[in-house]
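Residue numbers (the working numbering): 2 to 191.
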């Protein structure tokens, strides 16, 4: 249920971001949005993974995930770039949640959380996705994942979690693919 809630939060985050841009939100709104992102996509996934494996390593990695997420959000709040610098915290929280739904072993989740922590504070640039069709497909997959989870339809939930995961993993490696496909040239928005 926690993973489905994080996925639902990602959908709401996309909606509130769109609305905020249209109504020209205030500075306090930007700070509150970052705070809610930290709770939803940093603290909640960290607690979920920690609860699976409450070892000292899990505590350290979960703490690092929250700290790196906070640093990523702080950088995002002050930057005015066309692209994201570092892997977005929303995508990181989604990735962990989808892997959780798919039954990924806690040791692998802990390892992936450590990798995502480093990617969030990295200098790697990720294009902001603006393609309505791509976002609509992901939204549909996420809604079906939530529905499958809430209705205890494990097969449906896992199929759509896997489809969602494949799109997010494609985004995760997109800087590498962009460099290979475009000879290292920037492509603008996707």
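Ideal placement from N, C-alpha and C gives every residue a C-beta, glycine not left out.
Keep in mind the model is a prediction, meaning the values are calculated, not measured.
Is the distance from the Cβ of residue i to the Cβ of residue j below 8 Å?
{"i": "residue 145", "j": "residue 66", "result": "no"}
{"i": "residue 130", "j": "residue 5", "result": "no"}
{"i": "residue 7", "j": "residue 143", "result": "no"}
{"i": "residue 46", "j": "residue 104", "result": "no"}
{"i": "residue 91", "j": "residue 11", "result": "yes"}
{"i": "residue 111", "j": "residue 44", "result": "no"}
{"i": "residue 126", "j": "residue 176", "result": "yes"}
{"i": "residue 3", "j": "residue 99", "result": "no"}
Relative to the ligand FMN, is the shortest distance from any of its heavy atoms to the C-beta of residue i smaller than 7 Å?
{"i": "residue 12", "result": "As far as ligands go, the structure on display features none, and thus does not contain the ligand FMN."}
Would you mind giving the Cβ-Cβ distance between residue i and residue j, rounded to the nearest angstrom? I have them listed as a contact below 8 Å.
{"i": "residue 102", "j": "residue 23", "result": "Not confirmed; about 32 Å, so no contact."}
{"i": "residue 51", "j": "residue 60", "result": "6 Å"}
Taking residue i as the reference, give the member of the options with the closest Cα.
{"i": "residue 97", "options": "48, 55, 179", "result": "48"}
{"i": "residue 128", "options": "140, 107, 137, 171", "result": "171"}
{"i": "residue 33", "options": "69, 74, 56, 68", "result": "74"}
{"i": "residue 37", "options": "14, 20, 58, 53", "result": "14"}
{"i": "residue 193", "options": "56, 87, 57", "result": "Given a span of 2 to 191 for the chain in the structure shown, any question on residue 193 remains unanswerable."}
{"i": "residue 106", "options": "117, 53, 72", "result": "53"}
{"i": "residue 57", "options": "136, 108, 117", "result": "108"}
{"i": "residue 174", "options": "76, 31, 117", "result": "117"}
{"i": "residue 16", "options": "27, 55, 140, 64", "result": "140"}
Task: Stretch pair the segment 151-167 + the segment 121-135: three plus CB contacts closer than 8 Å - done: Cβ pair count under 8 Å is below three, so no.
Open item on the list: Check whether the segment 147-156 and the segment 66-83 are in contact - that is, three or more C-beta pairs closer than 8 Å.
Closed with: no
Task: Contiguous beta strand (DSSP E) assignments of at least 3 residues, all confined to the segment 32-107 - done: 84-86
Task: 3-residue-minimum beta strand (DSSP E) runs that sit fully inside the segment 128-162, ordered along the chain - done: none
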